Amino acid sequence: MIDIFAPAELAGIRMNNRVLRSATMEDGADEKGFPTEALTKRYVALAKGGVGGIITGFIGVCPEGRAEQPGMVLLDEDAKIEPMRRMVETVHAAGVPIIAQIAHCGRSSVSGKTFDINRLADEKLEEIISQFISAAVRAEKAGFDAVQLHFAHGYLLSEVISPATNHRKDKWGGTEEKRFYIADRIISGIRKGLPDYPILVKMHGDDRVRNGIHSEESVRIAKRMEQAGVSAIEVSCGLSIMNSMGPLYGKIPAEMILSWYPQMMELPGFMKKMMKPILPKFMKEKDPAPRRYNVPEAKAIKAAVNIPVIVVGGIHDLPEIEQTVTEDGIDFVSMARPLVLEPGLIGKYKAQKAQQARCLECNHCIIGISQGKLQCWYCKVPAEIK
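Under this note's numbering, the first residue of the sequence shown carries the number 57, and numbering increases by one thereafter.
Okay, here's the thing in structure tokens:
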């Protein structure tokens, strides 16, 4: 039987155990995208709390592609390298490896529809490729143990690779191979400059939307990722927060969404009142939330590739972690929401002080970050909304 708390290697990186902190949006940057001391403290708390390794919240590759939500760290210029290095060294001193997730938020960025994948000019896509490569190089210079390319959750790269969103008929789309072209260019570009640097991807096992990527195609894409030079794959799901996006499985915090989520907060008051009771049904609320919902797709991918596979999604409690690793054969489990409330959760599991996470899967934390507030609300609507 595999000991989930024993050290394990991921793409040449020694992880302290097989439970990683998965990326989540963070309120971790100043207005220019430099990391704050508060962000370093958050990572140190996770390190001391027992996680095997940390994947950062998404880090923007350029200012125009940063999230609508405040607090997104950027790796868009060399001036960010030294502050990042200080943060990474502090986390390493706490005894945990740290991986930089890099992303472009596409239509969910501050630039909005400017980054509609079906309208972007070749020159802009070439620029974005260069920005990803440059951000990866800066991450390596800053001392991050690896980078993770964010191909999930409706951000730019996931919109390029999914047939549900990419309707182009040129070299960037029209076939699976052409939709993969941007991934191949970014990965090969990083590999050219950093031949031995670990490159991870976060991708969908299932888009959870009609005409999107489903398990059969995700297996083919994972194989393409491996052939392109990817070192490990993290499996998630869901293109849109409004349509069964994996991280929002569970309760739907309608009042917080209508008050704080960027696409909703400007709606007229009468419309918000009308939408409040129907929003959970429209967003396909699943209460109680399903468990281990990405494991079937992760198993299919694991059977098809020779690189490590990580799975995130509804794997919170110790028996679920053990089952996923020891019975299902997935190399690593990752989680985010339970660690917002309990950064020391994995340490509790290892010390046999707990078997279950306290997280209620109420999803208030996901919406709260829209206002730059990454914290657990424990199913309570903030006083400023009431």
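Glycine included, C-beta positions come from ideal geometry on N, C-alpha and C. Quick caveat, the model's predicted, so the values are computed rather than measured.
Residue from the options with nearest C-alpha to residue i
i	options	result
Ala156	Glu182, Gly199, Thr170, Lys358	Gly199
Asp384	Lys358, His372, Asn362, Val396	Lys358
Glu376	Pro364, Tyr405, Ala360	Tyr405
Ser315	Phe326, Gly306, Leu397	Phe326
Glu282	Phe236, Lys227, Lys342, Val389	Phe236
Asp373	Arg247, Asn350, Ile402, Ala360	Ile402
Ile297	Trp433, Ile308, Val75, Glu82	Ile308
Val100	Gly306, Pro126, Glu145	Glu145
Tyr349	Ser164, Lys234, Asp262	Asp262
Ser165	Ile243, Pro119, Asp240, His270	Pro119
Ala410	Ser287, Phe207, Pro394	Pro394
Asp240	Gly151, Leu213, Arg266, Ala64	Leu213
Gly135	Lys197, Ala103, Tyr434, Gln125	Note on residue identity: the sequence assigns Ala, not Gly, to residue 135. Closest option to Ala135, Cα to Cα, is Lys197.
Val193	Ile423, Arg247, Ala439, Glu87	Arg247
Asp455	Ser186, Ala220, Asp178	Since the first residue of the chain shown is 57 and the last is 442, residue 455 is not available in this structure.
Ser186	Gly249, Ala413, Arg276, Arg142	Gly249
Pro352	Glu233, His260, Gln408, Met330	His260
Gln431	Ile60, Arg98, Phe61	Arg98
Val152	Glu124, Ser167, Val75, Ile334	Val75
Ile58	Gln379, Trp433, Ile422	Gln379
Cys415	Ala407, Ile371, Gln408	Ile371
Thr96	Ala150, Ala123, Gln125	Ala150
Arg280	Ala191, Ile386, Lys234	Lys234
Beta-carbon spacing of residue i, residue j below 8 Å
i	j	result
Ala202	Ile158	no
Leu130	Gln204	no
Ala392	Ser78	yes
Ile173	Val216	yes
Ala345	Glu417	yes
Pro318	Ser426	yes
Leu304	Asn222	no
Gly306	Arg264	no
Val117	Phe207	no
Leu66	Ala288	yes
His160	Gly121	yes
Ile111	Pro254	no
Ala354	Val275	no
Gly428	Gly127	yes
Phe219	Asn267	In the sequence on display, residue 219 carries Pro and not Phe. Yes, the Cβ-Cβ distance between Pro219 and Asn267 is below 8 Å.
Ile238	Leu181	yes
Tyr211	Gly162	yes
Ile423	Ile313	yes
Glu273	Glu232	yes
Val381	Ile60	yes
Collapsed DSSP secondary structure at residue i in the structure displayed
i	result
Ala202	strand
Ile154	strand
Arg70	strand
Pro364	coil
Pro91	strand
Ile189	helix
Leu403	The sequence shown places Gly at residue 403, rather than the Leu named in the question. Three-state DSSP puts Gly403 in a helix.
Met391	strand
Leu213	helix
Ile441	coil
Phe171	helix
Arg77	strand
Glu65	strand
Ile277	helix
Phe114	coil
Gly121	helix
Gly176	Just to set this straight, residue 176 is Leu in the shown sequence, not Gly. Here Leu176 sits in coil by DSSP.
Gly424	helix
Ile397	Here the sequence assigns Leu to residue 397, which means Ile is not the residue at that position. Leu397 falls in the helix class under three-state DSSP.
Leu374	helix
Gly109	strand
Ala356	helix
Ala413	coil
Ala85	strand
Ala345	coil
Ala159	strand
Whole-number beta carbon distance between residue j and residue i, since they are thought to touch under 8 Å
i	j	result
Gly369	Ser292	6 Å
Gly108	Asn73	4 Å
Glu311	Val396	Glu311 to Val396, Cβ: 19 Å. No contact.
Glu290	Ile242	With a Cβ gap of about 16 Å, Glu290 and Ile242 do not count as contacting.
Asp132	Gly84	Contact flag wrong, Cβ pair sits at about 15 Å.
Thr80	Asp86	Not quite, the Cβ-Cβ distance comes to about 19 Å (not below 8 Å), so this is no contact.
Pro364	Phe338	Actually they are not in contact, since the Cβ atoms of Pro364 and Phe338 sit about 37 Å apart, beyond 8 Å.
Ala191	Ser244	With 8 Å as the limit, Ala191 and Ser244 do not qualify as a contact, their Cβ atoms being about 16 Å apart.
beta-carbon residue i near the ligand FAD non-hydrogen atom, thresh 7 Å
i	result
Gly230	For the ligand FAD, the structure offers nothing, since it holds no ligand at all.
Unbroken stretches of the beta strand (DSSP E), 3 residues or longer, contained in the stretch 218 to 263
255 to 262
Return the chain-ordered ranges of every beta strand (DSSP E) run that is complete within the stretch 280 to 332 and spans a minimum of 3 residues.
Runs found: 288 to 293.
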